[in-house]
């Protein structure tokens, strides 16, 4: 019904997405009326201005989020997306905020997560609005595109929205995969920590360790540490490290500053924490290596000992005994962060937990294993999402996708977390298509122009039908 209209607007859709990608909307320190910093606020203002120019009603909700709306009626169809992005990372083929077009793809941080799908949703709304106005069709719901600014962190934006604005009666989040997501795993982030006060005469001392404030929900690409070497041959330490690193096929560089100081830099591959198998974790490899070299000199850092025993370089929780699995998939464990500040050594993880496993059970297992002087705290807990595969919402969205693509896919479960779980009667819907590599949070993130236009067509049909 809407395909030809959308195809005629392809250039406008592409240009709007490019302009939005060029805003580096990584969350920053809050400022007055900008809870998530200037860049996130700039992205919100740009989207609201675009919405106004296309003839929609708009609202900035105190800088926490905003929305773009049309239609009449008591009920509200919500489309819940976000404009914030994770940090860009390194080694991009094209500058991450240049929105470069190459090989039929738009490259940039946020292209698929979630600026591309948000732009597709907005233009889908425009097509439906214009069609209904020209054909004098009265919609029985209002349609509202809700724009979050803090999805990649702790969802303060959407919590603020839920406290101050109307809750949709039905909806979808364009922030995952087609044909439709009926289940999303539970989420939990355990933070392990201990006070580290080494003997100043020890043969090895950990002076620093970090991973550039890597987000917990990203597989860390690079991490490093500095070691102080006392009363032992530093070249012997280097030789032992090189042997261990080579045997384990880790990519860790060793830099000798002087006869008493070494820097280790561990390299991995960035990926979304819901898919740690698609990445290589620089932090876990660095910690395992450090635990080895400290043990070689009869030294122990209890937090590293615990890590080596119960976490290691795996990403399924097997060593902890939490490798649960069900129809939503297997549990995944991402080691997202490590730090040493003011003698407090911390390791942060991000777990995606199958829908039939209680989050409390995972907590209990961690607490049973923990021993002094290690402490374990939990943050970022999110209950799983589950909507019946047979529900009207799920079957309708799947049917729309399959009809549009001449396919026969059923609904799926994911490890990612979308705003769909923040609202009742809401699921995630696109924009990745089956068989497509998920570039969310990865270097050289992109959305293909064909898929951007396809998503716009699908969202238009979904909005009209719902």
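Residue numbers (my numbering): 2 to 467. By construction, the Cβ of each residue, glycine as well, lies at the ideal position given by its N, Cα and C atoms.
Task: Member of 181, 73 and 14 whose CA lies at the smallest distance from the CA of residue 139 - done: It is 73 whose Cα lies nearest to the Cα of residue 139.
Open item on the list: To the nearest angstrom, how far is the alpha carbon of residue 71 from that of residue 144?
Closed with: 6 Å
TODO: Please state if the CB of residue 86 and the CB of residue 110 are separated by a distance shorter than 8 Å.
DONE: yes
TODO: Identify whether residue 133 lies in helix, strand or coil by the three-state DSSP scheme.
DONE: helix
TODO: Inspect the beta-carbon positions of residue 382 and residue 360 and report whether they are closer than 8 Å.
DONE: yes
Task: Segment contact flag, the region 145-163 with the region 98-107, C-beta cutoff 8 Å, min 3 pairs - done: Counting Cβ pairs under 8 Å, fewer than three are found: no touch.
Task: As assigned by DSSP and simplified to three states, the class of residue 397 - done: helix
Task: Classification of residue 182 by the beta-carbon crowding that lies within 10 angstroms, buried from 16 upward - done: buried
Task: Contact between the region 116-132 and the region 457-467 (3+ Cβ pairs under 8 Å) - done: yes
- [ ] Keeping to the same chain, check which residues put their C-beta closer than 7 Å to that of residue 405; ignore five residues upstream and five downstream.
- [x] 458, 459 and 462
TODO: Report yes if the CB atom of residue 280 is closer than 8 Å to the CB atom of residue 289, and no otherwise.
DONE: no
- [ ] Give the straight-line distance between the Cα atoms of residue 242 and residue 328, rounded to the nearest whole angstrom.
- [x] Cα to Cα, the separation comes out at about 42 Å.
- [ ] With DSSP collapsed to three states, give me the class of residue 254.
- [x] strand
TODO: Pull up the distance between the alpha-carbon of residue 247 and that of residue 294, whole angstroms please.
DONE: Near 14 Å, if we compare the C-alpha coordinates of residue 294 and residue 247.
Task: For residue 427, three-class secondary structure by DSSP - done: strand
Task: Length of the line joining the Cα atoms of residue 36 and residue 65 - done: 6 Å
Open item on the list: Restricting to Cα atoms, I'd like to know which of 196, 228 and 189 is closest to residue 206.
Closed with: 228
- [ ] Tell me where the alpha helix (DSSP H) around residue 76 begins and ends.
- [x] Counting along the chain, residue 76 falls outside any alpha helix (DSSP H), though it belongs to the beta strand (DSSP E) covering 76-83.
- [ ] Would you list the one or two residues that DSSP bridges to residue 262?
- [x] DSSP lists 229 and 259 as the bridge partner or partners of residue 262.
Open item on the list: One question on the structure: do residue 394 and residue 428 come within less than 8 Å of each other, judged by their Cβ atoms?
Closed with: yes
- [ ] Measure the alpha-carbon distance for residue 62 versus residue 388 and round it to whole angstroms.
- [x] 29 Å
- [ ] Determine the extent of the beta strand (DSSP E) in which residue 450 is found, giving its start and end residues.
- [x] Counting along the chain, residue 450 falls outside any beta strand (DSSP E), though it belongs to the alpha helix (DSSP H) covering 450-466.
Open item on the list: Check whether the region 208-227 and the region 259-276 are in contact - that is, three or more C-beta pairs closer than 8 Å.
Closed with: With a cut-off of 8 Å, the region 259-276 and the region 208-227 count as touching, because enough Cβ pairs lie within range.
Open item on the list: So if DSSP puts residue 38 in a beta bridge, which residue, or which two residues, is it bridged to?
Closed with: Looking at the DSSP assignment, residue 38 forms no beta bridge with any residue, so it has no partner.
Task: C-alpha gap between residue 440 and residue 371, whole angstroms - done: 35 Å
TODO: Give a yes or no on whether the C-beta atoms belonging to residue 366 and residue 303 are separated by under 8 Å.
DONE: no
Open item on the list: Quick check on residue 456 - is its C-beta less than 8 Å from some C-beta in chain D?
Closed with: Note that chain D does not occur in the displayed structure, where there is just one protein chain.
- [ ] Locate the alpha helix (DSSP H) running through residue 32, then write down its first and last residues.
- [x] Here residue 32 belongs to no alpha helix (DSSP H), and DSSP marks it neither H nor E.
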